[in-house]
Amino acid sequence: MARVLLKPGHVRPVYSGHPWVFQQAVAKVEGGPAAGDEVTVVEPQGRVLGRGFYSPTSAIPVRLFTHDDRPVDASLFRGRFQRALALRSMLGLPNASTNAYRLVHGEGDGLPGLIVDVFGEVAAVQLNTSGIKRREGLIFDAIHELVSPKAIIDRTSETAARMEGVLAGTGVVRGDVSLDSLRFRELGFEYDLPLSMGQKTGFYLDQRELRARIERLAKGRTVLDAYAFVGSFGLAAARGGATRVRVVDQSAIAVELAAETARKNGLHERMEMVKMDAVAAMESAANHEPFDLVLCDPPKLAPSRAKLDAALNAYRKVARAACRATKPGGILVLSSCSSAVNFHELVRALAHGARDANLRATVLEEQIQAPDHPVPAAFPEGLYLKSVIARIDLAHD
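Counted the way the numbering used here counts, the sequence shown spans residues 36 to 432.
This is the structure:
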């Protein structure tokens with residue numbers, strides 16, 4: 036078997052359980068492995084540190100599946116899938132009010148490069164490395180064995196596919212080829228979203244816990260749901276007793292779906308749908324009628340640490356607009372889905388944005404992704420989603 040030898044001084048993270056081998060840690064590669072081949076990772080003294088799949092064009096040439104010399108075979112995949120399902124069962128997923136959940140969360144479930152989301156009777160996958168792509172048949176078999184979906188759809192993004200030299204998602208790969216939408220329940224809400232929406236695997240399941248928190252915060256408040264996608268935060272706020280909810284997204288299709296979903300769930304009379312840039316909408320609210328509760332969940336602004344400075348400036352500007360859109364004494368919920376941005380950096384961007392608006396932000400709570408998106412303790416990069424719940428006040432009150 037081909038071997039990837041590490042440089043001195045680059046062993047500790049892998050030895051501690053980190054699942055990635057970065058390009059700068061590699062001393063040499065022996066055996067001429069092809070993309071997707073299984074390789075052994077070895078320290079300078081020759082001790083085996085683990086096995087994983089090889090991605091020669093990636094900044095992460097090896098993602099480790101084991102931290103010993105066990106083979107990465109069908110038996111290992113089946114065991115990891117069974118363990119993942121057992122964890123979701125322990126978390127109470129699925130249940131009567133929620134049948135949409137993440138079954139496999141890459142490194143968090145010991146299956147780097149693989150995402151599997153279940154939406155009712157459909158499973159959506161992202162095959163994000165060449166090694167995972169080459170074993171798709173084994174993966175599809177395991178999904179059928181565990182959850183028996185009516186269809187499996189491949190939602191691998193073009194970006195991930197291009198980086199790994201594999202095909203992007205092709206839609207239904209097993210089962211009902213006539214499938215054209217995802218029908219599922221989350222927190223008691225009914226959704227019917229067309230496959231053409233194309234956000235992640237189809238929906239932001241990682242914000243489930245925060246949506247439940249928003250429902251509890253919304254009673255008696257006016258609410259602005261910026262960057263709303265299909266308005267799931269707005270739905271939670273409306274059901275929670277908000278007096279008025281404005282749902283904003285720059286996508287006409289998203290706004291239309293938000294309206295349809297609100298009608299389906301009997302909440303449309305309390306929700307206003309607006310097609311508009313989110314920052315422009317927040318600035319407009321600041322200049323006319325600020326809201327008691329502002330929900331601000333922008334798209335990923337920092338795809339890597341190399342883009343961090345520019346991203347933090349962007350978060351600062353977004354935070355300024357969001358703070359201004361929040362009534363003094365009101366609550367702002369600011370989120371970041373960029374793993375390169377940590378909690379400290381997000382809170383600092385919020386503090387600077389508030390100061391720029393001549394306001395003061397006080398952190399009340401911090402939240403991370405839902406627990407069906409687990410994070411190994413040795414893998415801080417896995418903690419990608421952060422949300423800060425803050426009270427906004429005048430700077431000099």
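Here a beta-carbon is modelled for each residue, glycine too, at the ideal position from N, C-alpha and C.
ask   = Short check: CB of Asp260 to CB of Leu330, under 7 angstroms?
value = For Asp260 and Leu330, yes; Cβs fall inside 7 angstroms.
request  = Look at the Cβ atom of Ala271, then the Cβ atom of Ala320, and state whether they are nearer than 7 angstroms.
outcome  = no
message = Assuming Val376 and Leu343 are in contact, meaning their beta carbons sit under 8 angstroms apart, how far apart are those beta carbons, in whole angstroms?
response = 7 angstroms
Beta-bridge pairing of Ile427 - partner residues as DSSP gives them = In the DSSP assignment, Ile427 forms a beta bridge with Gly365 and Ala396.
ask   = When DSSP labels each residue in this structure, what does Thr101 get in the three-state scheme?
value = strand
query = Which of helix, strand or coil does DSSP assign to Asp432?
reply = In the three-state reduction of the DSSP assignment, Asp432 falls in the coil class, being assigned neither a helical nor a strand state.
ask   = Which residues mark the beginning and the end of the alpha helix (DSSP H) in which Arg123 is found?
value = Ala109 to Met125
task = Spell out the partners DSSP gives Cys372 in its beta bridges.
result = Partner(s): none; Cys372 has no beta bridge.
request  = Return helix, strand or coil for Gly210, following the three-state DSSP convention.
outcome  = strand
ask   = Roughly how many whole angstroms lie between the Cα atoms of Ser371 and Arg137?
value = 19 angstroms
ask   = Is DSSP giving Ala135 helix, strand or coil here?
value = strand
N-terminal and C-terminal residue of the beta strand (DSSP E) that Thr75 is part of = Glu73 to Val77
CA-to-CA distance, Ala195 to Lys310, given in whole angstroms = 29 angstroms
ask   = What separation, rounded to the nearest whole angstrom, lies between the Cα atoms of Val283 and Val56?
value = When the Cα atoms are used, Val283 and Val56 turn out to be separated by approximately 41 angstroms.
task = Can you say whether Pro415 is buried or exposed, counting buried as having 16 or more other CB atoms within 10 angstroms of its CB?
result = exposed
query = Leaving out the 5 sequence neighbours to the left and right, which residues in its chain are closer than 8 angstroms to Pro406 when beta-carbon positions are compared?
reply = Leu126 and Glu244
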